[in-house]
Amino acid sequence: MEILSREVGSLYRAYSAGEESPLEELPIQYADFAVWQRDWLKGEALGRELEYWRQQLEGVEALKLPTDHRRPAAESYRGAQQAFVLDAELSMALRELSRREGVTLFMTLMAAFQTLLYRYTGQKDIVVGTPIANRNRLELEGLIGLFINTLVLRTQLSADTSFRELLHQVRETALAAYSHNHVPFEKLVVELSPKRAAGLNPLFQVWFFLNNIIPSNDPVLPGITISSVGRDFSPAKLDLALAMTASPDGIAGIFTYAADLFEPETIITLIRRFQSLLEVLVRNPDCKLFDIPLMDLNEIRRLLDTQTIDRIGEMQDSFVF
Numbered sequence: 003m004e005i006l007s008r009e010v011g012s013l014y015r016a017y018s019a020g021e022e023s024p025l026e027e028l029p030i031q032y033a034d035f036a037v038w039q040r041d042w043l044k045g046e047a048l049g050r051e052l053e054y055w056r057q058q059l060e061g062v063e064a065l066k067l068p069t070d071h072r073r074p075a076a077e078s079y080r081g082a083q084q085a086f087v088l089d090a091e092l093s094m095a096l097r098e099l100s101r102r103e104g105v106t107l108f109m110t111l112m113a114a115f116q117t118l119l120y121r122y123t124g125q126k127d128i129v130v131g132t133p134i135a136n137r138n139r140l141e142l143e144g145l146i147g148l149f150i151n152t153l154v155l156r157t158q159l160s161a162d163t164s165f166r167e168l169l170h171q172v173r174e175t176a177l178a179a180y181s182h183n184h185v186p187f188e189k190l191v192v193e194l195s196p197k198r199a200a201g202l203n204p205l206f207q208v209w210f211f212l213n214n215i216i217p218s219n220d221p222v223l224p225g226i227t228i229s230s231v232g233r234d235f236s237p238a239k240l241d242l243a244l245a246m247t248a249s250p251d252g253i254a255g256i257f258t259y260a261a262d263l264f265e266p267e268t269i270i271t272l273i274r275r276f277q278s279l280l281e282v283l284v285r286n287p288d289c290k291l292f293d294i295p296l297m298d299l300n301e302i303r304r305l306l307d308t309q310t311i312d313r314i315g316e317m318q319d320s321f322v323f
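Those letters in the sequence shown? Residues 3 to 323, per our numbering, in order.
And the structure:
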């Protein structure tokens, strides 16, 4: 979309001035890439890629998120969204932690998200899907087309693991996945033939994505104000998806979730606990994963007040007047 917007802007400015198209001829077309990929997927390189993924994803089990409702027999793909924004101080602290540990912001947020999933499910084997641009050749940088591929990042967690240790594990896992990113996800599923279940995406049910926005002062269409148009329908292809955006103004996120499985209040609580978790991690990255408190003080107070009221009610019921 960035390429498309940039080229439309270039053409608009040129044609408005009565000039010819300023766009250079492309060295290759999208079809050339498709032919190259098809030829490449027949050779020894494919075998090496598949062998890596067989070892990496052997024995993968479905993530069992606690849901508000049972999974329906037939998927409706009815989804909903909840957005949130991290404050400036926390956003800056996350960037600083990433820089200090020699990892990308994506790796830090991915590790934090996997920690959240580990604490919610109790499962030590966490698998998350994530997209990759897959534009690893100079000729592809200016080419419009869908090169994106899906990677599966698998991480082993335990109560004794510190977040700093997890962070470096996620780094190694991500770098290895990046170096084996050529096999299309659809072909990977066919080749690995994982156990399938009705209503479940193969290999993973949760998605994470980080979009880094690079600001530009150049207007796309000079003299014309452009704004995005939101959509009312948010399809949920997975149980849960977290898309985050990093810009100079801060870090924001949107949870897209299956409305058949979760109530809005559950996702709002999930967001609040994710933010609380992030605040703990930037202050103490050596904290053990099981020791990280997910509830902030306000939520603890609300819980204690509710339990106190319930206890008083039980005591009154036991009294005989």
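C-beta atoms are modelled at their ideal positions from N, C-alpha and C, and glycine is treated no differently.
Once the 5 residues before and after residue 54 are set aside, which same chain residues still bring their CB inside 7 Å of it?
By 1-based counting over the sequence shown, the position of residue 54 is 52. Once the five neighbours on either side are set aside, the close Cβ partners of residue 54 are 182.
Where does residue 239 fall in DSSP's three states?
Position 237 of the sequence shown, counted from the start, is the residue given in the question as residue 239. Looking at residue 239 - three-state DSSP - the assignment turns out to be coil, as it is neither helix nor strand.
Quick check on the DSSP output: what are the complete beta strand (DSSP E) runs of length 3 or more inside the segment 61 to 142, in order along the chain?
The segment 61 to 142 contains these whole beta strand (DSSP E) runs: 81 to 87, 127 to 134.
In angstroms, rounded to a whole number, what distance separates the CA positions of residue 41 and residue 147?
Counting from 1 along the sequence shown, the entry for residue 41 is found at position 39. Counting from 1 along the sequence shown, the entry for residue 147 is found at position 145. One C-alpha to the other measures close to 19 Å.
Can you tell me where the alpha helix (DSSP H) holding residue 165 begins and where it ends?
As a working note, residue 165 is residue 163 in the sequence shown. 165 to 180 is the extent of the alpha helix (DSSP H) around residue 165.
In chain order, what are the residue ranges of uninterrupted beta strand (DSSP E) at least 3 long that sit wholly in the segment 249 to 298?
Listed in chain order, they are 252 to 260.
How long is the line joining the alpha carbons of residue 108 and residue 250, rounded to whole angstroms?
Along the sequence shown, one-based indexing puts residue 108 at 106. Along the sequence shown, one-based indexing puts residue 250 at 248. One C-alpha to the other measures close to 15 Å.
I want to check one thing, is the minimum distance from the CB of residue 243 to the heavy atoms of the ligand COA below 6 Å?
No copy of the ligand COA occurs in the structure displayed, which carries no ligand at all.
Taking 7 Å as the limit between beta carbons, can you name the residues of its chain near residue 28, skipping five residues before and five after?
Residue numbering aside, residue 28 sits at position 26 when the sequence shown is read from its first letter. Correct list, in chain order: 144, 145.
Alpha carbon to alpha carbon, how far is residue 215 from residue 252? Give it in angstroms, no decimals.
Numbered from its first residue, the sequence shown carries residue 252 at position 250. Numbered from its first residue, the sequence shown carries residue 215 at position 213. Looking at the two C-alpha atoms, the distance is approximately 10 Å.
Hey, quick one: how far does the alpha helix (DSSP H) through residue 187 stretch, first residue to last?
For the purposes of this step, residue 187 is identified with residue 185 of the sequence shown, where counting begins at 1. Per DSSP, residue 187 belongs to the alpha helix (DSSP H) from 187 to 194.
Taking Cβ to Cβ, would you say residue 7 is nearer than 7 Å to residue 222?
Position 5 of the sequence shown holds residue 7. Position 220 of the sequence shown holds residue 222. The answer is yes: Cβ separation under 7 Å.
Quick check: residue 324 and residue 166, are their CB atoms within less than 7 Å of each other?
Look at the range of the chain in this structure, 3 to 323, and you will see that residue 324 is not part of it.
Output the distance between the C-alpha atoms of residue 265 and residue 37, rounded to the nearest integer angstrom.
Working through the sequence shown from its first residue, we reach residue 265 at position 263. Working through the sequence shown from its first residue, we reach residue 37 at position 35. If I take the Cα positions, the gap works out to 45 Å.
Roughly how many angstroms separate the alpha carbons of residue 56 and residue 26, rounded to a whole number?
Numbered from its first residue, the sequence shown carries residue 56 at position 54. Numbered from its first residue, the sequence shown carries residue 26 at position 24. The alpha-carbon atoms of residue 56 and residue 26 are separated by roughly 42 Å.
With C-beta atoms as the reference, is residue 151 less than 7 Å away from residue 134?
Locating residue 151 in the sequence shown gives position 149, where the first residue counts as 1. Locating residue 134 in the sequence shown gives position 132, where the first residue counts as 1. Cβ atoms of residue 151 and residue 134: closer than 7 Å.
Tell me, to the nearest whole angstrom, how far the beta carbon of residue 51 is from that of residue 184; I am working on the premise that it is less than 8 Å.
Here residue 51 corresponds to residue number 49 of the sequence shown, with the count starting at 1. Here residue 184 corresponds to residue number 182 of the sequence shown, with the count starting at 1. Between residue 184 and residue 51 the Cβ distance is about 6 Å, and since that is below 8 Å, they are a contact.
On a Cα-Cα basis, can you pick out the residue from 122, 77, 243, 84 that is closest to residue 279?
As a first step, residue 279 is located in the sequence shown; it is residue number 277 there, counting from the start. The shortest Cα separation from residue 279 among 122, 77, 243, 84 belongs to 122.
Per the DSSP calculation, residue 48 is bridged to which residue(s)?
The residue you call residue 48 lines up with position 46 of the sequence shown. BP columns for residue 48 are empty, so no partner.
Can you look up residue 245 in the DSSP assignment and give me helix, strand or coil?
Taking the first residue of the sequence shown as position 1, residue 245 is located at position 243. DSSP places residue 245 in strand when its eight states are reduced to three.
Going straight from the alpha carbon of residue 18 to that of residue 5, what length do you get?
As a working note, residue 18 is residue 16 in the sequence shown. As a working note, residue 5 is residue 3 in the sequence shown. Residue 18 and residue 5: Cα-Cα distance of roughly 20 Å.
Taking the C-alpha atoms as reference points, what is the distance between residue 191 and residue 205?
As a working mapping, residue 191 is identified with position 189 in the sequence shown. As a working mapping, residue 205 is identified with position 203 in the sequence shown. Rounded to the nearest angstrom, the two C-alpha atoms are 8 Å apart.
Output the distance between the C-alpha atoms of residue 175 and residue 138, rounded to the nearest integer angstrom.
Taking the sequence shown and counting its residues from 1, the one referred to as residue 175 is at position 173. Taking the sequence shown and counting its residues from 1, the one referred to as residue 138 is at position 136. Residue 175 and residue 138: Cα-Cα distance of roughly 19 Å.
Apply the 10 Å Cβ neighbour rule to residue 262 and answer buried if 16 or more other Cβ atoms are within range, or exposed otherwise.
By 1-based counting over the sequence shown, the position of residue 262 is 260. Its Cβ being crowded by 16 or more others within 10 Å, residue 262 is buried.
Where does residue 270 land, buried or exposed, given buried means 16+ other C-beta within 10 angstroms?
Working through the sequence shown from its first residue, we reach residue 270 at position 268. The residue in question, residue 270, is exposed, as its Cβ has fewer than 16 Cβ neighbours within 10 Å.
Should residue 113 and residue 168 be called a contact, given that it needs their Cβ atoms to be closer than 7 Å?
Looking up residue 113 in the sequence shown gives position 111. Looking up residue 168 in the sequence shown gives position 166. For residue 113 and residue 168, yes; Cβs fall inside 7 Å.
Using the three-state DSSP reduction, which class does residue 156 fall into: helix, strand or coil?
Sequence index remark: in the sequence shown, residue 156 carries index 154 (1-based). Note: residue 156 maps to strand in three-state DSSP.
Of the choices 12, 212, 92, 300, whose alpha-carbon is the least far from that of residue 285?
Taking the sequence shown and counting its residues from 1, one reaches residue 285 at position 283. Per the Cα distances, 92.
Looking only at its own chain, which residues have a Cβ that is under 8 Å from the Cβ of residue 89, when we skip the five neighbours before and after it?
To locate residue 89, count along the sequence shown from 1; it is residue 87. Counting only Cβ-Cβ distances below 8 Å, and skipping sequence neighbours, we find 252.
Run through the DSSP bridge pairs and tell me what residue 1 is partnered with.
Outside the shown range of the chain (3 to 323) lies residue 1, about which nothing can therefore be said.
According to the neighbour-count rule (16 or more other Cβ atoms, all chains shown, within 10 Å of its Cβ), is residue 259 buried or exposed?
One-based indexing of the sequence shown puts residue 259 at position 257. Answer is buried; the Cβ neighbour count reaches 16.
Classify residue 37 as helix, strand or coil using the three-state DSSP reduction.
Sequence index remark: in the sequence shown, residue 37 carries index 35 (1-based). Correct three-state label for residue 37: helix.
What is the DSSP secondary structure of residue 16, reduced to helix, strand or coil?
In the sequence shown, residue 16 corresponds to position 14, counting from 1. Three-state result, residue 16: helix.
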